[in-house]
Structure formats: C-alpha cells, structure tokens
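Engineer: Just passing along the structure, written as structure tokens.
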Amino acid sequence: MPDPIIYDDFSQPTPVRNCQLIVENRSLYVNPGYLAEMSPYFGTIYEQQINPVSITELSYDQVLELMRVVFYCPQRKPITQGNVSIVVEAATYFEMEIVLRRCEQYITGHVGSFTNTRLFQLTQTLSKTNRYSPSMSMVVDKLAQLNDTELSTLPFNEIPGDIVADLYAVKMRIKDEKKGNQSKILQRTRSNLKRPKQGCCLFSWCS
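When we follow my numbering, the leftmost residue of the sequence shown carries the number 947, and every step to the right adds one.
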C-alpha cells in the first residue's frame, strides 16, 4: 500500500515562493508569477510587487486548500466531493477561471455521487459565487430528486429564497413528468385491454 501523500503547507519561503499571504495571522508563501498567469488578482500583485498581501475575506484553510489544488506540492491535490465547495469559493475570490473550470468538470462528472450534506454545501457556495452556472442547475436538479423526508432534514433557511423556489419548481416538474408517464402507461394498458385477442377472432370466424 503506497504511503499517503503529504501536501506542502506553504509555511516556508523559497527563492520562487517569495510572496507572503497573511490570512488569519498565519503566513503562506506562494509564487506570484505562476499565480499571475491564472488570476487577475495575483496579476496585479505581481505587477505592482505587493508583498506581503493581507487577505481577510477567506479563511486560512480555504486559501491553503486552493494552493494545494493549484500547485504541485509534490503533486496537485485532486478536487473532491470534500473540498470542491472550498475551492470554488476561494477560486472565485481570486478570479481563477481555469480552476473554476476544473471544479465544473468535477461536479458534472460526480454530482450523482454527492452525499445530501455535500450537495447542500455546494448549493450554498454556488448561490454566493456563481448563481447561474451550469453547476448550479445540476445541483438543484439533483436536490429536487430527493424525497420529502430527505429534504426536510436540510437547512433551507441558509440559502436564498430564489434557489428554494427553483428547487420547488424542478420538483413539481419532475412530479408532473411522472404523472404524465403514468397516465401514458395507463392509456396504453386500457388500449391493449380493448383490443380483441387473436384467439377470440379465430373462434368467431369458425363458429
């Protein structure tokens, strides 16, 4: 069994990781030139040689997780069900479109396997960061497929009312589609019952 990967904590500067990010009174050292290629936020920092950089809108854990996903330390940390919400929020703040696309691809391929709790966490994050993204539509569709008992355990007071309304609309559409399918099946069944059986026809011809 291979040893678990120990990811860098970015706590020490190097010749290239010389930009200090101060988050919650803790320091992370990153390569601003590398980050500038994927982030307008860090592009400004690199061009204006701003150092250190104080970040107050995100937590230390959020920034650290994003850096582990972005940098090879010793390899990139994969986007998972457990960290995608964190990465989406941090990447949105730093305007990292390439990272957001990776998150989008992950959500598209794995939304069906999300636990209800993780699904709801992602809904909360997307409602704040990218309300009209394709990911949001997929997450709402997935939530709408939960039964009423499962939905009743989720804290819907923690997401915007328009998201709840969208969820309700999708759930009603699904119910209507099921009713429509059941009605079609019933109509076909009735139609089949009305058709004379071949044996009956043969009997009538021979009588």
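Just so you know, even glycine gets a beta-carbon here, dropped at the ideal spot from N, CA and C.
Can you tell me which of PHE988, LEU1004, GLN995 puts its alpha carbon nearest to the alpha carbon of ARG972?
Structural biologist: Taking the sequence shown and counting its residues from 1, one reaches residue 972 at position 26. The shortest Cα separation from ARG972 among PHE988, LEU1004, GLN995 belongs to LEU1004.
Engineer: Throw me the rounded Cβ distance for the VAL969 and VAL1009 pair, which I believe falls under 8 Å.
Structural biologist: Start at 1 with the first residue of the sequence shown, and residue 969 comes out as number 23. Start at 1 with the first residue of the sequence shown, and residue 1009 comes out as number 63. Between VAL1009 and VAL969 the Cβ distance is about 5 Å, and since that is below 8 Å, they are a contact.
Engineer: Figure out for me which residue from GLY979, THR1071, GLY989, PHE1060 has the closest Cα to the Cα of LYS1088.
Structural biologist: To locate residue 1088, count along the sequence shown from 1; it is residue 142. Of the candidates GLY979, THR1071, GLY989, PHE1060, the one whose C-alpha sits nearest the C-alpha of LYS1088 is PHE1060.
Engineer: Under the rule that 16 or more other beta-carbon atoms within 10 Å means buried, what is SER1150, buried or exposed?
Structural biologist: The sequence position of residue 1150 within the sequence shown is 204, counting from 1. The predicted model places SER1150 with a pLDDT of 40, which falls under 50 and marks its position as unreliable; any figure quoted below should be read in that light. SER1150 should be labelled exposed.
Engineer: Is LEU974 closer than 8 Å to PHE956 when the C-beta atoms are compared?
Structural biologist: For the purposes of this step, residue 956 is identified with residue 10 of the sequence shown, where counting begins at 1. For the purposes of this step, residue 974 is identified with residue 28 of the sequence shown, where counting begins at 1. Contact flag set, yes.
Engineer: By Cβ distance below 7 Å, which residues in the same chain neighbour VAL1116 in space, the five residues on each side in sequence not counted?
Structural biologist: Indexing the sequence shown from 1 puts residue 1116 at position 170. Hits under 7 Å: VAL1086, ASP1087, ALA1090.
Engineer: Name the DSSP bridge partner or partners of SER973?
Structural biologist: The residue you call residue 973 lines up with position 27 of the sequence shown. Its beta-bridge partners are ILE968.
Engineer: Count the other CB atoms, across all protein chains shown, that sit within 10 Å of the CB of ASN1093; report buried if there are 16 or more and exposed otherwise.
Structural biologist: Position 147 of the sequence shown holds residue 1093. The residue in question, ASN1093, is exposed, as its Cβ has fewer than 16 Cβ neighbours within 10 Å.
Engineer: Is the number of C-beta pairs between the region 981 to 1001 and the region 1047 to 1064 that are closer than 8 Å three or more?
Structural biologist: Because the criterion of three Cβ pairs below 8 Å is not met, the region 981 to 1001 and the region 1047 to 1064 do not touch.
Engineer: Would you check if the distance between the CB atom of THR1069 and the CB atom of ILE1105 is smaller than 8 Å?
Structural biologist: Within the sequence shown, the letter at position 123 stands for residue 1069. Within the sequence shown, the letter at position 159 stands for residue 1105. Cβ atoms of THR1069 and ILE1105: closer than 8 Å.
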